[in-house]
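*Asks:* I'd like to ask some things about the structure below.
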Amino acid sequence: MSFTKGSKAAQDVISFLHTMGRLKDTARQGWVDNQIGSPESISDHMYRMSLMCMMCPDTSLNRDRMIKMALCHDTAESIIGDISPAMNVPKEVKRQQEAQAMQELCTLVSSSPSMTFSTELSNLFDEYEAQETAESHFVKDMDLLEMIVQAHSYESMNPGKDLSSFFKSGAGIRHPWARAIFETLLETRPYLVHKEKQMKEASRM
1207 MSFTKGSKAA QDVISFLHTM GRLKDTARQG WVDNQIGSPE SISDHMYRMS LMCMMCPDTS
1267 LNRDRMIKMA LCHDTAESII GDISPAMNVP KEVKRQQEAQ AMQELCTLVS SSPSMTFSTE
1327 LSNLFDEYEA QETAESHFVK DMDLLEMIVQ AHSYESMNPG KDLSSFFKSG AGIRHPWARA
1387 IFETLLETRP YLVHKEKQMK EASRM
């Protein structure tokens, strides 16, 4: 198909980009559920995840592929939204919805010179979901760790706010570099610091 001004292929790419734009405006549902004011967007989450993958010191891993995977792993949410555990949507149903959304997104750019991008987008999403490679394991760690960094930040911004459920997710973090960061965040939780301060003040009364 010819890729020229006004062509269907060009229009499809624009449609894809507009669809990706929804990620900038869609709040992460977990923060909404916890009444966080002005919560981060899905796009915010993926951006910092990508930077964290870029920081990876493990030379045995393909860093470039992990950065791309981080950028792609939540793209289906541009269509289906962010489905949080609190919604109690069965995993298989969520998986089917994501697969259908990814097929729709990849189809949009499959008829243009971006066809290689369409294939790469699909492959990276599938690799992340399968969780069979060392790279996908690391990106999953970053998915959890970025969320915990954000929880740490929100506890700091909202004194007395207990976001323990997000920190508990860190039990699944495997890579030593990621675990060191997680354990440091856990030791310095603003909620626990705030609680300890309150207890000390109460004991003086």
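Numbering (my numbering), first residue to last: 1207 to 1411. Just so you know, even glycine gets a beta-carbon here, dropped at the ideal spot from N, CA and C.
(1) Which residue's Cα is closest to the Cα of S1324: V1219, P1382, L1267?
(2) Where are the alpha helix (DSSP H) runs, 4 residues long or more, that stay fully inside the segment 1250-1322, in chain order?
(3) Tell me which residues share the same chain as M1260 and place their Cβ nearer than 6 angstroms to its Cβ, disregarding the 5 neighbours each side in the sequence.
(4) According to DSSP, S1423 sits in a beta bridge with which residue or residues?
(5) I'd like to know whether the C-beta atoms of A1305 and I1286 end up nearer to each other than 8 angstroms.
(6) Between G1376 and K1403, what straight-line distance do the alpha-carbon atoms span, to the nearest angstrom?
(7) With the cut-off set at 8 angstroms, would you say L1391 and H1343 are in Cβ contact?
(8) Is DSSP giving I1220 helix, strand or coil here?
(9) For the alpha helix (DSSP H) that A1166 lies in, which residues bound it at each end?
(10) Relative to the C-alpha of I1354, which residue among G1378, S1244, E1338, T1339 is closest?
(11) Buried or exposed for S1316, going by 16 or more other Cβ atoms inside 10 Å?
(12) In angstroms with no decimal places, state the Cα-to-Cα distance between L1277 and K1401.
(13) Determine the DSSP secondary structure at L1369, reduced to helix, strand or coil.
*Replies:* On the basis of the supplied data:
(1) Residue numbering aside, residue 1324 sits at position 118 when the sequence shown is read from its first letter. When only C-alpha atoms are compared, the closest one is V1219.
(2) 1269-1278, 1283-1286, 1297-1315
(3) Looking up residue 1260 in the sequence shown gives position 54. Cβ within range, chain order: I1273.
(4) As displayed, the chain neither begins before 1207 nor continues past 1411, which places residue 1423 out of reach and without an answer.
(5) Looking up residue 1305 in the sequence shown gives position 99. Looking up residue 1286 in the sequence shown gives position 80. Result no, Cβ atoms of A1305 and I1286 do not sit closer than 8 angstroms.
(6) As a position in the sequence shown, residue 1376 is number 170, starting the count at 1. As a position in the sequence shown, residue 1403 is number 197, starting the count at 1. So the two alpha carbons sit approximately 25 angstroms from each other.
(7) Numbered from 1 along the sequence shown, position 185 holds the residue referred to as residue 1391. Numbered from 1 along the sequence shown, position 137 holds the residue referred to as residue 1343. For L1391 and H1343, no; Cβs fall outside 8 angstroms.
(8) Counting from one through the sequence shown, the residue named residue 1220 turns up at place 14. If DSSP states are grouped into helix, strand and coil, I1220 belongs with the helices.
(9) Beyond the ends of the chain as shown, which are 1207 and 1411, falls residue 1166; an answer cannot be given.
(10) In the sequence shown, counting from the first residue as 1, residue 1354 sits at position 148. Ranking the options by Cα distance to I1354, first place goes to G1378.
(11) Counting from one through the sequence shown, the residue named residue 1316 turns up at place 110. Buried, by the Cβ-count rule.
(12) In the sequence shown, the residue the question calls residue 1277 occupies position 71. In the sequence shown, the residue the question calls residue 1401 occupies position 195. Rounded to the nearest angstrom, the two C-alpha atoms are 37 angstroms apart.
(13) Along the sequence shown, one-based indexing puts residue 1369 at 163. If DSSP states are grouped into helix, strand and coil, L1369 belongs with coil.
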